[in-house]
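Each step along the sequence shown adds one to the number in my numbering, with nothing skipped, and position 57 is 65.
Glycine residues also receive a C-beta, built at the ideal position from the N, C-alpha and C atoms.
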Amino acid sequence: MDTFGHALWTGALYRKNPKRWVAVVCGVVPDLPILAALLLNPWPLLKGQGLPALDTIPPFLVALDLTAHSVLVFAVMAAIVWLMRPDMLVPFSGWGLHILIDVFSHANVSPFTATTFLFPVSDASISVVNWNHPVFIGINYTLLALVYALLWQRRIRTSLRWRARAQTASKTQSNS
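Rendered as C-alpha cells:
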C-alpha cells in the first residue's frame, strides 16, 4: 500500500489511543527508505514514468527497506520497546500493521517487489494484489473515505448528545 494510505488506516485504527500520532509515524517508518530514494531521484515520477527502477535505488536504501518490512526485525524491535517503554508498545505496533498490510498488497509485479517479510532469514513472500493497481487504489481510498465519514458522523452524534445533556442539566439546575 502507499505511504499515505498506511498513515490514514493507522490513524483510523488507533484513533482512540492518546499516542495515535506515534502509531501513525511508526506506520509509515517502513516506507522511509523508498521515500528517501524518491527524493534522491524524483525525475521518473515527475516525468510521469512511474516509480524508479529498483536497480536505480542505492543498495543501502533497498537493504533498509527490506529490513523495515521484516516481521523478524519488527519482533526484535517490539521486544526492545516492550522492555524499555511498555507504554509505547501499542503505538509501536503501527509498524507491524504496515508490514501486515504490505505482505498482502505488494504483488511481485511492481518495481518494488513483494514484501519479503522473513528477511534476512528467507526471501519468502506472498503475492496477492498490487498496491499501485488502479482498482486496488480505488477500493482502498473508497474504504478509507467510508471509514472516515463514519468516524466523523459518530463524532458529530457524540458532540450533539453531550450538548443536549449539558442543556438539560443547565435547565434542571436553573429550575431548582
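Q.
Using only the alpha-carbon positions, how far apart do D95 and Y22 sit?
A. In this structure, the straight-line span from the alpha carbon of D95 to that of Y22 is close to 14 Å.
Q) Just the Cα atoms here: how many angstroms apart are M9 and L40? A) If I take the Cα positions, the gap works out to 13 Å.
Q. Does S135 come within less than 7 Å of chain C when only Cβ atoms are used?
A. Note that chain C does not occur in the displayed structure, where there is just one protein chain.
**Q.** Whole alpha helix (DSSP H) elements within the segment 92 to 171, 4-residue minimum
**A.** With a minimum length of 4 residues, the continuous alpha helix (DSSP H) runs that stay inside the segment 92 to 171 are 97 to 113.
Q. For the alpha helix (DSSP H) that A20 lies in, which residues bound it at each end?
A. Taken as a continuous stretch (DSSP letters only), the alpha helix (DSSP H) holding A20 covers T11 to L21.
Q: Work out the CA separation of D110 and V32 for me, nearest whole Å.
A: When rounded, the distance between both Cα atoms is 15 Å.
(Q) Can you look up G58 in the DSSP assignment and give me helix, strand or coil? (A) Coil.
Q.
Looking only at its chain, what residues have a beta carbon closer than 6 Å to the beta carbon of P52, apart from the 5 residues adjacent to it on each side?
A. Closer than 6 Å at the Cβ level, and outside the excluded window around P52, lie P60.
**Q.** Status (buried if at least 16 other CB within 10 Å, exposed otherwise) for P128
**A.** Sixteen is the threshold: since fewer than 16 other Cβ atoms of the shown chains lie within 10 Å of the Cβ of P128, the residue is exposed.
Q: Pull up the CB-CB distance for T124 and S133, whole angstroms please, since I reckon it's below 8 Å.
A: That pair is a contact at about 5 Å.
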